[in-house]
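Data block below; observations after.
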Amino acid sequence: MKKTSKVYLVFLNGKSNAGGAERMVHYLDEYLKSREIQTQIIDEDFLKNTFVGKLYWKLFNRRHFEKRRAKYIARFITAYLWLNYRPNKIVISNGEPTAYYPTDYVISHGCFHKMELDYGRKDSKFSRVAKLQMIACRNARKIIAVESNVKNDLIKYYGINKDKITVVPNCIDRNNFYPIKKQTTDFKTIAYIGRLEYGKGIAELQELAKLVEMQHDWKLLITCNNSSNTELFTNLNKTQVLVGLTIDTINELAYSKADIIFYPSYSESFGMVTIEALACGKPIAGNAVGVLPKLVEEKQPGAYLLPKLINEDIFRFFDNCIEDSNKFSPEEIHQQAMKKFSIESYFEQMDQQFFKTN
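With my numbering, you'll find the sequence shown wraps up at 766, consecutive numbering, no jumps.
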């Protein structure tokens, strides 16, 4: 990294700690501050509360602009960055918001086009957001991908030069994610942690909630970052929904309550829930997305792949996973996960990206 007085972190969702990508912005921000580098988070709230932004955002009241929202926000960010340009400032983004600006680093949490295909997109042509991401990756000086599968997707779908992409896995902070002894209950708890949307497996979650209603010794805990689609889980006696948990509360109020984590996502570039669950000493059963299948192959304690169908046999499967994970203490599961994904290792690897001599 060139000598800099400030780093702009252009991530529209900020570091709200609500989801995996947002939590990684939090860790990136903490990393830079630990190296005594000043940061400025440029998220959507920041932009639309600037003097010009207050006027510009009125455009999105019109259908034409709202339909092309990502493109027009990228244009606004480009203008903002050029107007605030200084030779010693660094720009890091997740891609599409800086499509029209020569970004120093893109932190890629996944190939958007690949995700859309996983979610069922039939058209092989790029969507507007995928095009922006591709342009941003091509214009960036360097790309840091969160997993090798992300690197491969960027090469395959966007034609990015492989030499421009390095891989630094996501991390977890042991100060937030560690085993907390579960209180004794006369029932077992399945926890779902994530957004309630199609690509995250909401249909499978709904099916599981119906099945849980017919069980006498199981309950379902759903935690999400906003209230979208929570109404789908009202009037259920054995399902609890919590909204708005942060990185400071999610372990105590979610992971620590679970006997097993249910992770039915259709597509993940990495999947922060996977490593957070394991760091909390909890078994997780999910689809073969993100880092989970690699961990299963490596025989990471507590990592399991879901069966293809969610039916009444799922509870026997969960019981088998819990029994198998009990061969290890929660602390042992935690330690195995931390060997691969500690925040200390993440900081060291980021040093190699930003400060290594060429």
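Cβ coordinates follow ideal geometry from the N, Cα and C atoms, glycine included.
Give the range of the beta strand (DSSP E) segment to which residue i is assigned.
| i | result |
| --- | --- |
| Val499 | 497 to 501 |
| Leu629 | 626 to 632 |
| Leu650 | 647 to 651 |
| Lys550 | 550 to 553 |
| Gln448 | 447 to 450 |
| Phe670 | 668 to 671 |
| Tyr674 | First-last for Tyr674: undefined, no H or E at that position. |
Inspect the beta-carbon positions of residue i and residue j and report whether they are closer than 8 Å.
| i | j | result |
| --- | --- | --- |
| Val418 | Ile515 | no |
| Ile498 | Gln761 | no |
| Ser556 | Val575 | yes |
| Asn502 | His517 | yes |
| Leu613 | Cys632 | no |
| Ile683 | Cys729 | no |
| Ser675 | Met523 | yes |
| Ile573 | Lys559 | yes |
| Asn634 | Val649 | no |
| Phe723 | Gln623 | yes |
| Ser673 | Gly710 | no |
| Met758 | Tyr439 | yes |
| Glu660 | Ile580 | no |
| Val704 | Leu713 | yes |
Which whole-angstrom value describes the C-beta separation of residue i and residue j, a residue pair presumed to lie in contact below a C-beta threshold of 8 Å?
| i | j | result |
| --- | --- | --- |
| Glu621 | Leu644 | 6 Å |
| Arg582 | Ala662 | Incorrect: roughly 17 Å between the Cβ atoms, too far for contact. |
| Phe678 | Ala599 | Rounded, the Cβ-Cβ distance is 19 Å, inconsistent with contact. |
| Leu628 | Ala666 | Not confirmed; about 10 Å, so no contact. |
| Ala482 | Thr511 | Not confirmed; about 11 Å, so no contact. |
| Gly602 | Val681 | 6 Å |
Leaving out five residues on either side along the sequence, give the residues of the same chain with a beta carbon under 6 Å from the beta carbon of residue i.
| i | result |
| --- | --- |
| Gln446 | Lys414 |
| Met432 | Asn578 |
| Tyr509 | Thr486, Leu489 |
| Lys748 | none |
| Tyr416 | Gln448, Ile450, Val499 |
| Val697 | Ser673, Ser675, Glu676 |
In the DSSP assignment, find the unbroken alpha helix (DSSP H) run with residue i in it and report its ends.
| i | result |
| --- | --- |
| Cys545 | 536 to 547 |
| Ser442 | 428 to 442 |
| Tyr754 | 751 to 763 |
| Gly461 | 459 to 464 |
| Leu714 | Premise fails: Leu714 is in no alpha helix (DSSP H) and is neither H nor E. |
| Ile515 | Note, Ile515: premise wrong, no alpha helix (DSSP H); beta strand (DSSP E) at 513 to 516. |
At the level of alpha carbons, what is the spacing between residue i and residue j?
| i | j | result |
| --- | --- | --- |
| Leu436 | Ala429 | 11 Å |
| Lys618 | Ser664 | 23 Å |
| Tyr586 | Glu731 | 20 Å |
| Glu740 | Gln708 | 10 Å |
| Arg477 | Lys539 | 13 Å |
| Asp721 | Phe520 | 34 Å |
| Tyr527 | Ile655 | 27 Å |
| Asp451 | Arg549 | 21 Å |
| Arg443 | Phe755 | 10 Å |
| Ala693 | Asn584 | 21 Å |
| Gly609 | Asn695 | 9 Å |
| Lys735 | Asp727 | 13 Å |
| Phe641 | Ala611 | 11 Å |
| Asp531 | Val537 | 14 Å |
| Leu463 | Tyr513 | 29 Å |
| Asn569 | Gln743 | 36 Å |
| Val554 | Val699 | 10 Å |
| Thr593 | Glu639 | 27 Å |
| Lys738 | Thr647 | The sequence shown places Pro at residue 738, not Lys. Distance between the alpha carbons of Pro738 and Thr647 is about 25 Å. |
| Trp465 | Lys702 | 43 Å |
| Lys690 | Thr657 | 16 Å |
| Ser385 | Ala685 | Because the chain here runs from 409 to 766, residue 385 falls outside it and cannot be looked at. |
| Leu455 | Asn492 | 13 Å |
| Leu653 | Asn637 | 16 Å |
Apart from the five residues on each side of it in sequence, which residues of its chain come closer than 7 Å, Cβ to Cβ, to residue i?
| i | result |
| --- | --- |
| Lys423 | Glu430, Val433, His434, Asp437, Ile449 |
| Phe595 | Asp625, Trp626, Lys627 |
Spatial neighbours of residue i within its chain, please: C-beta separation below 8 Å, excluding the five flanking residues on both sides.
| i | result |
| --- | --- |
| Phe473 | Leu467, Tyr480 |
| Tyr566 | Cys519, His521, Gln541, Met542, Cys545, Arg546 |
| Thr412 | Ile445, Asn496, Lys497, Ile498 |
| Lys533 | none |
| Pro715 | Asp721, Ile722, Phe725 |
| Asn421 | Gly427, Ala429, Glu430, Val433, Asp451, Glu452 |
| Arg470 | none |
Can you determine whether any heavy atom of the ligand SAH sits closer than 7 Å to the C-beta of residue i, and answer yes or no?
| i | result |
| --- | --- |
| Ser413 | What this structure holds is no ligand at all, so the ligand SAH is not there to describe. |
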